[in-house]
Amino acid sequence: MNDRMMVEAAALSKRYGETQALDDVDLEVARGSILGVLGPNGAGKTTALRILTTLSTPDSGRAWVAGHDVVAEAAAVRRKIGVTGQDATLDELLTGRQNLVMVGELSRLRRAEARRRAKELLELFELTDAADRMVKGYSGGMRRRLDLAASLMMRPPVLFLDEPTTGLDPTSRQRMWGVIRGLVADGVTVLLTTQYLDEADALADGIVVIDCGRVIARGTPRELKAATGSQLLEVTLEAPHAGAAEALAAFSVGSVTTSDDGRRLWTPARNEPGLAVAALRALDAAGALVDDITVHRPSLDDVFAVLTGAAIAPEPENVRVPV
Amino acid sequence: MSASTTLTAEIGAPTLFGRLRSWWDDVWVMTRRNLIHVRRDPMQLSDVTIQPVMFTLLFIYVFGAAMVLPGGGSYKQFALAGLLVMNLTTSSVGTAIGLISDLSTGVINRLRTLPMSPRSILVGRTLSDLLAATLCGAIVAATGLVIGWRPETALPSVLAGFAIALLFSYALTWLNTSIAMAVSSPESAQGIIFIVVFPLAFVSNVFAPTQGMPAWLATIADWNPVSAVAAACRTLFGNPNPSATIPAWPMQHPVEASILWSLLILIVCVPLAGRLYRHRTSD
Chain A
0 MNDRMMVEAA ALSKRYGETQ ALDDVDLEVA RGSILGVLGP NGAGKTTALR ILTTLSTPDS
60 GRAWVAGHDV VAEAAAVRRK IGVTGQDATL DELLTGRQNL VMVGELSRLR RAEARRRAKE
120 LLELFELTDA ADRMVKGYSG GMRRRLDLAA SLMMRPPVLF LDEPTTGLDP TSRQRMWGVI
180 RGLVADGVTV LLTTQYLDEA DALADGIVVI DCGRVIARGT PRELKAATGS QLLEVTLEAP
240 HAGAAEALAA FSVGSVTTSD DGRRLWTPAR NEPGLAVAAL RALDAAGALV DDITVHRPSL
300 DDVFAVLTGA AIAPEPENVR VPV
Chain B
0 MSASTTLTAE IGAPTLFGRL RSWWDDVWVM TRRNLIHVRR DPMQLSDVTI QPVMFTLLFI
60 YVFGAAMVLP GGGSYKQFAL AGLLVMNLTT SSVGTAIGLI SDLSTGVINR LRTLPMSPRS
120 ILVGRTLSDL LAATLCGAIV AATGLVIGWR PETALPSVLA GFAIALLFSY ALTWLNTSIA
180 MAVSSPESAQ GIIFIVVFPL AFVSNVFAPT QGMPAWLATI ADWNPVSAVA AACRTLFGNP
240 NPSATIPAWP MQHPVEASIL WSLLILIVCV PLAGRLYRHR TSD
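Chains as they are written, first to last, in numbering that gives the first Met the number 0: chain A, 0 to 322; chain B, 0 to 282.
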């Protein structure tokens, strides 16, 4: 156990029948930081979260939250955590306020204290107007906010968020990100799962990529992007040119791909200064007229595709380059 | 929970009283939450409000017309205690339905991550259903009084009759809780519980004296806990109780038999339901 670590998992494994949901997973989240657990559907993210939040027990391996063993000291762990699940865990027939007060009282707050805290959170999450309506009538974004508010009733030092923005519109999503950043600024430790790379990129201090129950990569967003070792060079020609692909091959670290109409070419390229200018000169020398040239730094999407081999649906007319 | 010692040590109140107090607080929060549900969706209560009135009137006027009791007496006077027990028995099915619908929503996952007593979810449900059963009993009694049923003993004895019926009903909610925890869906729970509860309610002296049944069936009916409770209520209400002439022990000692049956069901089903709940919610 390390005092700096608010969440620590060592060699967690869990099997459901034929499926190895988790296979030897290690995780660490330092106090006051955000760890993003990234992976496709069914990768094992939720299983890991269920074990860390005492809802499930591992077949092997151990985990500690705020210094307490999640199996042997489950009750102590529950006093330190807030959990927001993928499915809203609210009571539809209660009002927003009643939901919060109930969670507060069951978290050992006194009734008056629970009411005060509920009022405070309803204001923070801009739910005051809807506070005394049944949750049944809430929109998706309101449910998510109320769900998060419920997780914060007893000011937990560690917060687990399972895909906190799945299904939210862009505005609600930005607002949720703002709330999460604010919590971390106040010293809360957050472990969140997400399928969205931009979310992990925008929020997380550290990222763990899980696929088929295994950790396949870990690091900061910057480290993961650097790990692909290349950038994407893309040119658009005024007209198709036979010598263009050959001219670009000199910079390529893979293969050069040409679009169907012959005007667009792209390739993974070495990470070197002045790449765009050098490529432009080479194309000019070959006699190709260039309309546009861009150098993309790899996004986490690219990293993810490389790591998981997952086919991210290509945009129309834009086939992804094999790196 | 193996970690409860750690928990209480942290709170700094490791006394038995402190633990009981917080357990009871949890139970009461869960009970209150179920009562809010009833207020929001009053039709949830139809099985303890409309159904008892309907059953009471139907059975007394439809069956009662053709019924002659051994040893004489009015069918209305005989039937009311039976209908009380029958209604309480069938309405206990609601416990299972309520619990399974809780388990099928995400609410239970949130509750399980809170530092609350896990068992208070079950206890809260049975307590709110006990309140519903009390309402059910009051409605059967009121319906009876309107159509001319009269208890012929003093008030304490009449109240004791209702108390015994409610104790039995409470025991049955734990039986149904166990069944609910053992099956997967609300539909299968309803199916299984009707297979258990209907014979329990009907193969008894609730609607008709057992003297007219084939001997083997009469034996089953005389040992059925529902018969003991109905006979106990009849005795305590001072209403006709033809079972008093049957030599089977529960019919000779219906009050003792009712209490023993209820305690037996509770002793078996309370721990069983807790174990099944833990088994169901852990993976």
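Think of the CB as a built atom: it goes at the ideal place given N, C-alpha and C, for glycine as much as any other residue.
As the structure is a prediction and not an experimental result, all values here were calculated from the model.
Check: Exposed or buried, what is Pro114 of chain B when buried is set at 16 or more other beta-carbons lying within 10 Å of its beta-carbon?; Outcome: buried
Check: Kindly list the residues whose CB is nearer than 8 Å to the CB of Ala20 of chain A, restricted to its own chain and excluding five residues on each side of it in sequence; keep chain order.; Outcome: Lys13, Arg14, Gly43, Thr46, Gly212
Check: Might you give, ordered along the chain, the residues of its own chain that have their beta carbon closer than 8 Å to the beta carbon of Leu182 of chain A, omitting 5 neighbours on each side?; Outcome: Leu151, Leu158, Val189
Check: Closer than 8 Å between beta carbons: that is the criterion. Which residues of the region 83 to 108 of chain A meet it against chain B?; Outcome: Gly84, Asp86, Ala87, Thr88, Leu89, Asp90, Glu91, Leu92, Leu93, Gln97, Met101, Val102, Glu104, Leu105, Ser106, Arg107
Check: Can you tell me whether Ala62 of chain A is buried or exposed, with buried defined as 16 or more other CB within 10 angstroms of its CB?; Outcome: buried
Check: Closest to Ala199 of chain A by C-alpha separation, out of A:Glu237, A:Leu160, A:Leu232, A:Asp168, would be which residue?; Outcome: A:Leu160
Check: Could you tell me which uninterrupted beta strand (DSSP E) segments, each at least 3 residues in length, are contained entirely in the region 133 to 217 of chain A, listed from first to last along the chain?; Outcome: 157 to 161, 188 to 193, 205 to 210
Check: Under 8 Å between beta-carbons, which chain A residues line up against Arg274 of chain B? List them in chain order, please.; Outcome: Going along chain A, no residue has its Cβ under 8 Å from Arg274 of chain B, so there is no contact; the nearest lies around 16 Å.
Check: Going along the chain, which residues of the region 29 to 44 of chain B sit with their C-beta nearer than 7 Å to a C-beta in chain A?; Outcome: Arg32, Ile35, His36, Arg39, Asp40
Check: Going by alpha carbons, who is nearest to Arg149 of chain B out of B:Ser21, B:Ile138, B:Gly237, B:Ser281?; Outcome: B:Gly237
Check: Do you know how far the Cα of Trp176 of chain A is from the Cα of Gly186 of chain A?; Outcome: 16 Å
Check: With 8 Å set as the bound, which would you pick, yes or no: does the beta-carbon of Met115 of chain B sit closer than that to a beta-carbon of chain A?; Outcome: yes
Check: Excluding the 5 residues flanking Arg263 of chain A on each side, which residues of the same chain have their C-beta closer than 6 Å to its C-beta?; Outcome: Thr235
Check: When the cut-off is 8 Å and only beta carbons count, does Glu316 of chain A lie next to chain B?; Outcome: Note that Glu316 of chain A scores 36 on pLDDT, short of 50, meaning its location in the model is unreliable; the coordinates nonetheless yield the value given after this. Output row for Glu316 of chain A: interface = no.
Check: Please name the residue, chosen from A:Thr127, A:Leu11, A:Ala287, A:Thr83, that lies closest to Thr192 of chain A on a Cα-to-Cα basis.; Outcome: A:Thr83
Check: Near Leu15 of chain B, what residues of its chain come up, given a Cβ to Cβ distance below 8 Å and the 5 sequence neighbours on each side ignored?; Outcome: none
Check: Candidates A:Leu99, A:Arg115, A:Pro156, A:Gly166: which alpha carbon is nearest Leu145 of chain A's?; Outcome: A:Leu99
Check: Just to confirm my understanding: we take Gln85 of chain A, look at its own chain, exclude 5 residues before and 5 after, and list those with CB closer than 6 Å. What are they?; Outcome: Asp161, Glu162
Check: Compare the C-beta of Gly17 of chain B against all C-beta atoms of chain A and say whether one is closer than 8 Å.; Outcome: no
Check: Please state whether DSSP places Met5 of chain A in a helix, a strand or coil.; Outcome: strand
Check: For Leu232 of chain A, report the span of its beta strand (DSSP E) as first-last.; Outcome: 230 to 236
Check: Out of A:Glu237, A:Leu223, A:Glu104, state which residue places its alpha-carbon closest to the alpha-carbon of Arg296 of chain A.; Outcome: A:Leu223
Check: Cutting at 8 Å between CB atoms, please list the residues of its own chain near Ala203 of chain A, excluding the five before and the five after it.; Outcome: Ile33, Leu34, Gly35, Leu191, Pro220
Check: State yes or no: is the C-beta of Ala249 of chain A within less than 8 Å of the C-beta of Ala281 of chain A?; Outcome: yes
Check: Report the option in B:Pro241, B:Ala95, B:Ala162 whose CA atom is closest to the CA atom of Phe193 of chain B.; Outcome: B:Ala95
Check: Would Val106 of chain B count as contacting chain A if we go by Cβ distances under 8 Å?; Outcome: yes
Check: In chain order, what residues of the same chain lie with their CB nearer than 6 Å to the CB of Arg107 of chain A, ignoring the 5 residues before and after it?; Outcome: none
Check: Let me see if you follow: with CB-CB separation under 8 Å, is Ser55 of chain A close to chain B or not?; Outcome: yes
Check: Start and end of the alpha helix (DSSP H) containing Thr218 of chain B?; Outcome: 214 to 222
Check: Could you give the DSSP three-state label for Tyr276 of chain B: helix, strand or coil?; Outcome: helix
Check: Going by C-alpha to C-alpha distance, which of A:Ala184, A:Lys135, A:Leu37, A:Ser59 sits closest to Asp90 of chain A?; Outcome: A:Lys135
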